[in-house]
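Input: a single structure, listed below in structure tokens.
Protein chains in written order, with this note's numbering: chain B, 1 to 268; chain D, 1001 to 1268.
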């Protein structure tokens, strides 16, 4: 079994680093003239995966947009995950889970269980309950060749309020990156929004020194960051970045996704 | 339609403040000699709810322990929520969700949607993406007479690492409590672990001045805090506290839950 880090490297070498975010929100389903239901969400996601085939190595379904339909939304997600696995796509589940240790085991069983229908390659994880509280779920991920992405500097405007707080001299963001480097051996990545000012978050050092771990970077496209600016934003760590685009690739409808993926890849 | 605050006050006046945590973990299902499956989790939760009837006004299912079975786990949870609603129990879904605004709308639709099968009275919410990023989901909760609980000082040992960080002069915990007081009108509560040193988290003021908002307090029982110590821990805010007990009430098996609830209520 190869490691998550090795799987990412393989996917990137074959298809480049671009990640397709799969966000079947009410608005997107309306754009695609699909019903606002679990069936509509599944149809949306399967069409995204078809467009990704042969073009993209990594996809990121946003769990909230399936959870909104309850159990039928999760059933749709399970079918989407199976379709992605069948095509050999790496899947990052964007769920931002985080809880105390005994509860985190439940989330580990959900997303990294050997026979779990929700099994994925990686999960986004919130370090709010203590960065060190996330070590155990990383171990479970690794057991199946998976990994996690800790939220270090998220892409939303309100992120600074908490993530620039200081623990000792370092910001929360810097502390999270340091922990990921220490525990991860490359299987623990971080989420850093492409829209954010790294200086403000106290993490500008990743621009001058290679961070050595995967960086999942949302914020491209609809949230305002440009793929052409990736190297300026991440400097010495640029080769680690998995830029995610969601709405910008899907908002023009199902027929345009493949074309917009090809166009976006040219900007990288 | 009455407000969440009014519903809590009614439940507490009828049954006292004790909340029964429903945690169908692998270990608990094993204790109860139930299969480690969605069916086992449902059976466990329904037996808990039966024991709660007439004794307890508030229950708190831990979503992770249903999520670990994927869509069939969520289907089980939906049936459990329906059973709780049928008995007039207030339900706090312990899911600790938190994301950027457009995604948070997905979680709002899941847990506070008018016709959602996962509809509950309240949801625990993580403020990691910025305390102010949680205002919108509170609005959705209120639309159906519900509320949210923001994680202010969680009950796990690693909680201090991040939640005692400083934003300006105040700790993250204090900032979260202040926000909840400002936006909530009593429908936005906070989670404060009964096991934690309030001084260390920079929130000892809630012991001398009534905080005025609901406090969901995990940590009683298996995690070490005693119900008899509630007034010492929370002082002037004691009347706001909803103490949660999970494993301590369920670990002795299904026949003992009702008896252990009665015993716990005597300690309050």
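For each residue, glycine too, the CB sits at the ideal point set by N, CA and C.
Residue 1043 of chain D and residue 49 of chain B have their C-alpha atoms spaced approximately 37 Å apart. When Cβ pairs closer than 8 Å are counted between the two stretches, the segment 188-198 of chain B is seen not to touch the segment 1195-1210 of chain D, the count staying below three.
Among the bridge pairs identified by DSSP, residue 1245 of chain D is matched with D:1020 and D:1220.
By the criterion of a C-beta distance shorter than 6 Å, residue 1087 of chain D is surrounded in its chain by 1053, once the five residues flanking it on both sides are discounted.
At least one C-beta of chain B is nearer than 8 Å to the C-beta of residue 1172 of chain D. CA-CA distance, residue 1065 of chain D to residue 210 of chain B, rounds to 38 Å. The criterion of a C-beta distance shorter than 8 Å is not satisfied by residue 94 of chain B and residue 59 of chain B.
Between residue 1150 of chain D and residue 1134 of chain D, the C-beta gap is smaller than 8 Å, which places the two residues in contact. Here the alpha carbons of residue 103 of chain B and residue 45 of chain B stand approximately 29 Å from one another.
Under DSSP, the beta-bridge partners assigned to residue 1149 of chain D are D:1124 and D:1189. Within the segment 1112-1138 of chain D, 1113, 1116, 1117, 1118, 1126, 1127, 1128, 1129, 1130, 1131, 1132 and 1133 place their CB atoms closer than 8 Å to a CB of chain B, listed in sequence order.
Counting along the chain, the unbroken alpha helix (DSSP H) around residue 1143 of chain D starts and ends at 1135-1143. At least 8 Å separates the beta-carbon of residue 107 of chain B from that of residue 1128 of chain D.
Counting along the chain, residue 1047 of chain D sits inside the alpha helix (DSSP H) bounded by residues 1038-1052. Straight through space, the alpha carbons of residue 1141 of chain D and residue 83 of chain B are spaced by roughly 34 Å. In the three-state scheme derived from DSSP, where H, G and I count as helix and E and B as strand, residue 194 of chain B is classed as coil.
If you ignore the 5 residues before and after residue 253 of chain B, its C-beta comes within less than 7 Å of the C-beta of 31 and 32, all in its own chain and listed in chain order. Residue-level contact check: residue 1199 of chain D does not touch chain B, since none of the beta carbons of chain B fall below 8 Å from its beta carbon. Straight-line measurement puts the Cα of residue 184 of chain B at about 13 Å from the Cα of residue 145 of chain B.
Here the alpha carbon of residue 13 of chain B sits roughly 13 Å from the alpha carbon of residue 90 of chain B. DSSP places residue 1058 of chain D in the uninterrupted beta strand (DSSP E) bounded by 1058-1061.
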